[in-house]
Structure formats: C-alpha cells, structure tokens
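Okay, so here's the structure we're looking at.
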Amino acid sequence: MPESSRRTKGKIRWSKLYTFTCLRPSTADFVHQEHLGQPGFSRVVLCNETQLHKTKPHKYPSNYVSTTKYNVVTFLPQSLFEQFRRVANLYFLLAAVLSVTSLAPFSPISLVAPLVFVIGISMLKEAVEDWHRFLQDLNVNSRTVKARVGNGRFADKKWRELSVGDVIKVHKNEYFPSDLLFLSSSYEDGICYVETMNLDGETNLKVKRCLEATLGMNEDEELSKFKGTVRCEDPNPNLYTFVGNLEFENESYALCPAQVLLRDSKLRNTDYIYGVVVFSGPDTKAVQNSTRSPSKRSRIEKKMDRVIYLLFSFLFLISLVTAIASAFFLKYEMLEWSYLRLQDDDNPLFNPSKPKVSGLLHFARALILYGYLIPISLYVSIEVVKVLQTMLINKDIEMYDEVTCKSVRARTSNLNEELGQVEIILSDKTGTLTRNEMEFRKCSIAGISYGGDMKEVDLAASRRMNTCAETCRSSIDESNTSQSFEFSELSEADIMVTEKAIPGGREDGENLSTENPEISTVGKESVIKGFNFRDDRLMNNRWIHRSNLYDVIMFFRVMALCHTGIPVEANQTDKLKYEAESPEEVAFLVASQEFAFQFFRRTQSVMVLKELDPSSGKVVEREYKILHLLEFSSSRKRMSVIVRNKGGQIFLFCKGADSIIFDRLAENGKSYQDSTALHLSNYAEDGFRTLAFAYRIIESAEYEHWNSIFSQAKTTIGPERDELLDKASEMIEKDLILLGAAAVEDKLQKGVPECIDKLAQAGLKIWLLTGDKKETAVNIGFSCSLLQQDMKQFHLCLSKEAETKIQVKAMKEDLLYQIESSYQVMCEECNKDSPFAMVVDGKALEVALTDGVKNQFLQLAVNCAFVICCRVSPKQKALITRLVKEYTGKTTLAIGDGANDVGMIQEAHIGIGISGMEGMQILYFVYKNIVLGLTLFYYECYTSFCGEVLYDDWYLVLFNVILTSLPVISLGVLEQDVSSEICLQFPSLYKQGPKNISFAWKRIIGWILNGVVASLIIFLANIYILSSAAFRQQGEVADVAHLGGITFTCIIWTVNCQIALLVSHFTLIQHLFIWGSILSWYIFLLVYGALPPAYSKKGFHLFMEAIGSAPVYWMITLIVTVASLLPYFMHIVIQRLFYPLDDHILQEMKYCKKESINNQVWQREQSNSRKSTLIGLSARVDARIQYLKEHLHQRKKSIYRSVTSSPIYKSLTSSPLFQ
C-alpha cells in the first residue's frame, strides 16, 4: 500500500466516529472481575518475560498444536486396540494361539502369517494417514510471525516456538498464531479489523480496540521495554467472553473481548498490530472448541461385524455338529474298526473311554479347522481398497482447482463407502456454499428496477414454457406500480436471442444480445471485481438523462457516503480500491465509483467525493463534513451517517433492512414504497442481499437540539447507555424519504445450485448451519435454490418477552408453543405439494437443543425439506450434528471450510469420500470363504469325522492372500455400474445407497445360500466322479492329495469366474487380476511340486505327474465351474428380465446402443429420475412455471373481460353482420 494511504488510514480515529458499544466494554464484561485469582480465573501472564513461563507456577503449554490420532508412544497400543475391535481379528488371534498346541489341524505358520500380514497392513495404513496429518500440522506450526527477540529487534519466529508472554507483530492478512492481548496498531487510536470467519462463520469484519494505556506503543523499540502483568480467566472454549485485567505502570486496567485477538482469525484492513501471547497452543479458544480426531467406523463396517457374528454362529453350529458326531462315531462305530487300533493310541482326540472329552477337543479343533468360513483377508482387502480409492480421489482431475492450483486431499480413508449412503447433509455457508465475494447486481431507484438480467430459473422456465418469463414479471410489475412506463419488457425475439446465447443454460453467456438494455450477460464473470451490473439506462453516465434525476443522484450519494470504508490507491490512476468492515460496503463503493460518484478521500471529519455534475458534464470534488456515524448492528439493522455539505445543508443518509426503513418513512417519503417492495421481493427470490436507501434533510435547529441529547447519552457511563443511545437515534432516524434499494450477490461457489439440484433429486436432505445472521442465510437459501417462493417457512425465535425474562422455563414454553404450532400446520398441509422449511436463530436453537425440547424440535426439523440454523457457534454445530445423527439413525455428511466447522465434521459420520462397491465386496468375501470352508466340513462328514484335512496348509494360506484377493480389490476400486456422466443425468440412482439395496440382509442371506449351493456342487461332483472310477489310465484311483488339488482348482475357478459375473465395467487391470489369479494357482502348483518332498509333502510333482496329465481333471474343472455358477446366472437373468433395478435398465440401454437422447425409453428414464423434488433448481423452476402459468391465465382472463366488456365489442357483436 502506498505510504500516503497508510498515513491517511493511520490518522483516522475511528473511535471518535463509532457511537455504540462495538469498541467499548459493556457493564456485563466487568461482572466477573472480582473473581480474578480464584479458581477458573487464575491465569497470570508476565508480558515480555517468557523465561518466567518455563517453570512453575506459571508454566503453560507451548504453541504447538497437533491433530494426529497417535504419537510415538501411543501408536502401538492404540492401533492394536483399533484392530482388535474387529471381532474377526480377535478370533484369528485365538486361533493363532491354539495353533501351537496339538489340537491344531494346520501348522502354526498357516494361521500366524495371515494374521500378522492383515494386522500389519492395517496398522501401516493407519500410520501413513496419521503421518500425513502430522505433516499438515507441521506446515501450520512452521508458519512464521515477527516476535521480539531482544534489543528492540523483531525477527521471524515459528508458531510452535512462541510462548506465553511473547510480544509479536502481525501484519495485514496474516492469521493470529495464538490468543493475543491487543496492544496497539497502525491506527493512531489503536483499532484493528479482524475477520473471524474461521471461528464463527461471520463474514463481517469485527472492530477491536486496544487499551488507551498501550495504544501509544506502536514502534518496535517501545515494545521491547514493555512490562506488564495480565491476570485473567483460565482457558475455556467461549469465543465471546474474556475476563481479566492488565497491571501496567502501577495501574490496573480492565480487559474485555474487544482487546483479545483469537487464534485462526485474520488481520484485515490494518497494516499491523502488536500483541502479547495470553493463551498458547491447546489453551487457545479455537483449539478448546475443537475435539480430538475420533476413531470413526462406517455403518458398512459395523454391519460387516454383524455378518461376521452370523458366520461365527454358523461356525459354532457346524463345529458342534462335528463334536457330537465325532463322539458318537468314536463310541459306537470306531471301536469296531480294528485297523485303527484305538486301544493302543494315547491320542486324546480318539479316546474311546472318554468320548465326551474327545468330543470337546474335536469341537476346539473344528473351530480352527472351519475358521476359513471367516474371511480374514476381508478387512485388509477393504483397507487396501479404501487406500486406493483415496489415491484416486487425490489424483482426480475433476477435483482439481485451477485457480488455487490445489487438489483435494483426503485425510482418512476409513469412511469412503459411507458417502454412498448419505441421507442428510449438514453444510456451512461461508466459504463452503459461498465465496465471500460480493457483487453489485441490481438496484431500484425511484420505483424503477435496473440491472434486470434474467436468472437461470427464469431462463429454464421460459425454455420449458416456450414463453418469456421476464415479460410476465414486468407485466405483473406494471400492473402494480404507477411508474409502469419505465419498465422494459422482453419480447419473444429477446428470449430467443437469450436461448441462442445460452443453449445449455450458462455456457455461452458472453454471446448474449445487448439489444435490450435490461438484459445483462448471464453466466459471465464481471470484469470489475465487486461490480456485475449491466443496464444501459444507467451505465456510461446515461443516468443523467433520467426523468427523476435528483432521486438518482441522492441514491448514489447514499452509496458513496453511508459506510465505514477507506479508499486505497489502485494500479489505475482513475480507479480506487476500497477496504471496509463488510464486503457489501466494498461492493457499494465500487458501484458508486462506476456511476461517477467516487469516494475519493477520508479524513477524521471530512469525506470527499468526485461527482459527475449533470449540468456541466464535468467531474467535481465535493466535501461532506462528517457530523455523526450511527453504525450498523444486528439489533438496529440499519446504518446512518449525518453530514453537512459546503452549502451548510445537513443530510442524514440511511441504509438498512427494508422493514426497518419502511417503518421510518415520512408520509411524503413513501412514493416508491410499493414498487420498491415488489422489486425487493424479486431480488430476494433471486437470492440477493438487499438494503433499502433513504435520506432526510435536517434543519440546523433540530440538529443542534438532537446533538445535545445525543452527546449526553454518548458520555453516559452505565448499563442505561445503550438504551439512551437507541432512543436518541430513533429521534433523528425518522421522517425519511425512500430512494430505492440495492441488491448485491454473495457469489456462490462454482456449480453450487446445480450440485444441490442433483443432491435433491438423489433424495438427500440439506441443513445449513452458519454463524451469519438470519437474513443473510435466508438469501443464500434462495440463491442456492434451497428455498423457493411457495415454500412454507417456519421461523423459530424467542419472543422479546421470553428473552427479557431470562428464565429457562419461560423460554422453553415459548419455543415449544412455536414448535407445536408449526408441527400442527405441517400435519394439516402434509398432503399439499408445497414443501416446508425451517429457520431457527442461535438463541432459540440453544433452548431447542436442551432436554424437554430437543425431541419435539428434531421431529419438526427432520420432516422439513430444508433447515437453516443461523448465529450458530462451533459447539452448537457439533451438537446439532450429533443429535441429528442419533435421532434419525441416518448417515450424515458434514461440509465445512473453517476451524469453526471442525467439531461438526468430527461429529458427523463422514466429511468427504467417494461411493464404492464395498457392500458387494463383503458379500463376495462371505461367498468365497463359505465355498472353501464348507468343503472342509463336507469332507469331515464324508470321512466319519476322523480329523483328516482335505487341503494342503499352503493352499489355505494362499487362498485369501494371493489367489482370490486381487480381483475383489479391483472390484472395489474400478467397478462402476454406470458411468459418472450417466449418474449426473439420473441422480435418483443414488437412492439405492441410502436404501441399502446392495447390502441388505436379504441379499446377504442370498449370497450365503449361493455359497452353500456352490460348495455342495463342487464337493459332491468331485466325490461322485472321482470315487466311482479310476483316476488315470493306469487304473490309479484318486487319493486325498489328488482330491484336494482337484477340488481346490474347482474352487479357484468358481470364485474368480463369479467375480467376473459381478463386474459391469471391465478394464485391462480387472482382466489381468481375474485371469491372472487363476493362472497363479497353476504356477504355484508347478513351483510347489518342484520343491523337495520334505517341503512339498503330498504336493510333490502333484500337478506335473498326477492331476495335470489326467483328462478327467480338466473335464471336472469345466463341468463343476459351470454347474456352480449356473444358479447365480439364472438368478441375474430372471432379475434383469422381470425385476430390473434402475442401473440395470441404463446398462441395457448403454450396451445395446440405445443411448440416443431422442429415444423414448431414455427420455422416460430421465423423467422418472428427475421426479418432483422439494428443493433445488428443478423444484424452483417447477414452482416458477406454476407461478407464471397462473398469472398468465389471470392476465388472459383480464384481457378477455376487458375486451368483452368494451363498447366496441358489444356493438360489433350486436351488429347484424355477426348474427
């Protein structure tokens, strides 16, 4: 910034201008001063003496902040606990322990190795993800700030190295590294502007002011000598309170929140500030409002545990059958089998004298033997899939932001699959839905609307109706205002030009015709930041030709003078940039500059404008002496400035909410009220923020009388000060003359309305949680098409009577009455098409979340199509999210962009992820392990429960690790039943996720039965074929090694071909994994058989010399594989023919080349997909069309009545020619 601008800014004493309490502590701030030094108020900070804070009793935490789940000490125990929360891992741990005993049917390595591999992979994944969190923390903790290092010098110091008591210097647009006591700033009277969007979501800048005692210390050398003691409250999460005092130069000064700068807020519109660290690291209010990273588990993973319990029950059952049957055979049958010589064997498993003990030992052995019913590799495969999905997310080119050159970064992969089941979205507003960039879009001056571009809703409605929506609006406006001759109407030619320019809605907006001055370029970004207004009637100084010139001039003067902005020199000599408390003020100042009313200079008492003189056509400088500034507040909802021009006239310029301004109009100031109100309604429907502009001329005598009253109120000390100031302002802010209204647009993030429309069609409900005021949140609701004109809105807020009583019981009764009344209305009108929305403010929400009210509140809220919670603190965001999650039992997704959203994000089921095929993966794992495990059980039955194992140990080890793992991983990562483009065309496809179609218990049981049938076919076919005839030409019969090898080959082919039937979208990788897994089985047989017999045992040369050379082996493989897959194949044929799902129909249309947009089936499916939704752009367009049709019908009836009642028509119809 140029030096001249900096000096100008620094010399303005804003404290002299501000009237109300934004810079002064209220009486309530001193209530707890007497508690200092007692528990809860015991903190002592020694300024500039950090060495004293390194030892007790004043030792405090460092400024290092960590968001990791683990550290070096806790990683091993905590991560092991996380792994053994999974019931299957506990089972395999028990089996691994038993494998070293004589009961184990397998070697210890075959049970220990898979467990170590699975647990190791999962722990490695957790370690890598936490390492990435650590790197992000390192990036934040390594930021630098200027800190005093001695000898009056300030040098760069890393955030993590700061200590309590450090004096630091923060420059413009930098974040505060800790909670600071504000000492001084670049402004002479020690104020600064702070953006707290990361803390509370509010976009308006907050004004902070240091103590009078320290504001003179604004040089590095002076701060090096500063010594003082701060006694204050202990660390707490309350963002809006601070109790303490500063002992400085033998004086004690009370402190309040106005002197505290919080971590994660940003310094704005101020060159620099000095501050001393009061709270550091975990003691800061921002960190106190956050929670540790929770260990979340997805609903699918929790349901997966229940599936494992089911398999455990099945395992227990067949183990019990095995134990009872073995005891029976041992007692009644095996004694007669003399060749077993059981009397001479001391094996406890086969002790005829103790069959019950033997049966019990067989039960334990069976639990290990049939353990392959439990898919040990299921968890690790899911983990691998999630990690690969996360990598795809991070590398997705569609999620790369070219503006910031940043791509998405998923901090965890634990919850990827949850996004496919989300039913409720809880979203922040500022930075998430909006960019926090304001643009001047429209205005209404003297009853005439300017900047009348057509919104997307109107364009979509006009295309569907084949008529002009804006013409209808203008016609309706015309019938309701005396200024109808000023309205421009769009002809059908105009709308045709518009449609040509925008064939897809927004893409080619720059080609839009400018023949009609009311049309502005739709979808085109503004060239001038903050100004996106196009109307030839006002642009290029053509406003000087308007018939109501005086009103136009006064309107522009209100924009140029009623604000707290500061001009900043820009690169262009004739254009200035501006800084102000709110982005709306900046937009107004930019707009006034474009209309040739440039706010040029500001001093302590004078504002200078460069105005275009309509009479001479030249730019002249005009000075306005500032007499008073009555600033904006949430309770006043207006701002006024009182100025005197060179001619001595005193003006009051006022802007504010239309309801507030309209109530203060003089009788002769309401000329444009009706038309302005209509325009305001239209602007609000478009989602714009609106302010009404008014003025009055004050006589000198009246001003002097009022000034004496106001000055007396301003100097009053005590709780009645605010009340006196409000009364005084009411005395002067009256008898206003309405000029019009202005509309600014809070720019949405790119694609927000379209995204919300798709989410609505997919059946998701959306909640908006914001720290902003109610009016702003409602405007954004309209802008995003979450609200629409015909939507019934329930506004929950505490009445003034209930608030003033400050009694919880009274407030609860008041709110319960509102909730019950609203719910009754909802029940009475539930059969109508109009949806419901609920808007609740922060104070009412605080009561609504208490016991005795929250259930009724949530009952009403979850039945609304859209919910807005405004003025919400970070803790309330987290609490709302938790209550919604618990009350509905549905999957919730929280979206936010700031530190104030962390608690909400952590409380929700998920933050962000992708929709995957995890449900199908799990079912496939269950299927393939049942196929393998049951063949072991069948063989036990076949061999009279003798304890013989059908398969070699290494077969079982490799089954889940290599031979069947890669295809299912590729299914989870690469499978897509329909393409992403088709998903966007048919959003209702998403409803299959929340309905849990792919992982319903009916489907789980179906896959279990599929596994049982396949295992029976495989085992019985092999036994029947191999036991009835010779195995080879030389008359050799199959032994257990041959039977095991052939049966296992059939299993490998069956389960891999089964996954091939599941895949809808084949890629080269999937072909490689599926057929490569089968090939790897044969490679293993060759390698394993080539090992010496000491290692390969029964597998020695098994494939080359035995089964591989036998034609019956290949015949059995083919027949058994086809027979095993036949039941599933018949099932999918019947389902797709008679009971198809939406994705089945779309797949058929795609692969049968029926995807033409003109195809009737395709259009029918699109129509079914885009069913009437309650919120979103489509719903808003439908409502707009209905509105336009009704008014067009009324218009036609009105024209028909006027024509038929005219004398000419009557005379013509009565003429004999028409008889």
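Be aware that the sequence shown starts at 0, since it is given in numbering that gives the first Met the number 0, and climbs by one per residue.
We treat Cβ as the ideally placed atom computed from N, Cα and C, and that holds for glycine.
The three-state secondary structure of P566, taken from DSSP, is strand. Between the region 419-438 and the region 708-728, the count of C-beta pairs closer than 8 Å stays below three; the two stretches do not touch. Per DSSP, G39 has no beta-bridge partner at all. For Q748 against R434, the beta-carbon gap comes to about 6 Å, under 8 Å, which counts as contact. The residue among Y174, G151 and N150 with its C-alpha nearest the C-alpha of W158 is Y174. Excluding residues up to 5 positions away in sequence, L859 lie with their Cβ nearer than 6 Å to the Cβ of Y822 in the same chain. For the pair L79 and N70, the Cα-to-Cα distance works out to about 14 Å. In this structure, DSSP gives M1148 a helical state, which the three-state scheme calls helix. Shown here, I373 sits in coil according to DSSP, grouped into three states, outside any helix or strand. Residue environment: W1080 is assigned as buried (16 or more neighbouring CB atoms within 10 Å of its CB, all protein chains considered). Distance from the Cα of R85 is smallest, within the candidate group S121, V111, H52 and N62, for S121. When C-alpha distances from D282 are compared across S65, L1008 and D789, the shortest belongs to S65. Below 8 Å, enough C-beta pairs join the region 254-265 and the region 174-190 to call them touching: three or more. Boundaries of the beta strand (DSSP E) harbouring Y694: R688 to I697, taken from the DSSP string.
Nearest neighbour of G1043 by Cα position, chosen from W953, L1124, I981 and S1076, turns out to be W953. Of all C-beta pairs linking the region 1075-1094 to the region 1037-1054, three or more are shorter than 8 Å, placing the two stretches in contact. Shown here, A363 sits in a helix according to DSSP, grouped into three states. Contact fails between the region 886-893 and the region 917-937, because fewer than three Cβ pairs, one in each stretch, are under 8 Å apart. A Cβ-Cβ contact shorter than 8 Å links L432 with C783. DSSP places V861 in no beta strand (DSSP E) but in the uninterrupted alpha helix (DSSP H) bounded by K853 to V861.
Distance from I272 to S184 at the Cβ level is roughly 4 Å; contact confirmed, criterion being Cβ atoms closer than 8 Å. Exclusion of the five residues before and after V839 leaves L795 and C868 as the residues of its chain whose Cβ lies within less than 6 Å of its Cβ. If you draw a 10 Å sphere on the C-beta of G164, you find 16 or more other C-beta atoms in it, and that means buried. Excluding residues up to 5 positions away in sequence, G1175, L1176 and S1177 lie with their Cβ nearer than 6 Å to the Cβ of D756 in the same chain.
With contacts defined as CB atoms closer than 8 Å, C653 and S634 fail to qualify as a contacting pair.
Boundaries for A1029: no beta strand (DSSP E) harbours it, and the DSSP string shows neither H nor E there. For G655, the beta-bridge partners assigned by DSSP are R637 and A691. Between N268 and E578 a beta carbon distance of about 4 Å is seen, short of the 8 Å cut, so the two are scored as contacting. The beta carbon of G450 is closer than 7 Å to those of R440, K441, C442, S519, F532, R533 and D534 in its chain, skipping five residues each way along the sequence.
Contact between V43 and L180 is absent: CB atoms are separated by about 13 Å, not below the 8 Å threshold. By the Cβ test, the region 1020-1031 is in contact with the region 1111-1126, since at least three Cβ pairs between them sit closer than 8 Å. Exclusion of the five residues before and after K145 leaves F153, A154, D155, K156, I167, K168, V169 and H170 as the residues of its chain whose Cβ lies within less than 8 Å of its Cβ. In the three-state reduction of the DSSP assignment, T1066 falls in the coil class, being assigned neither a helical nor a strand state. Taking a 10 Å sphere around the C-beta of K385, we find 16 or more other C-beta atoms and assign the residue as buried. Residue state for R643 is assigned as strand, using DSSP reduced to three classes. For M903, the number of other beta carbons within 10 angstroms of its own is at least 16, and it is reported as buried.
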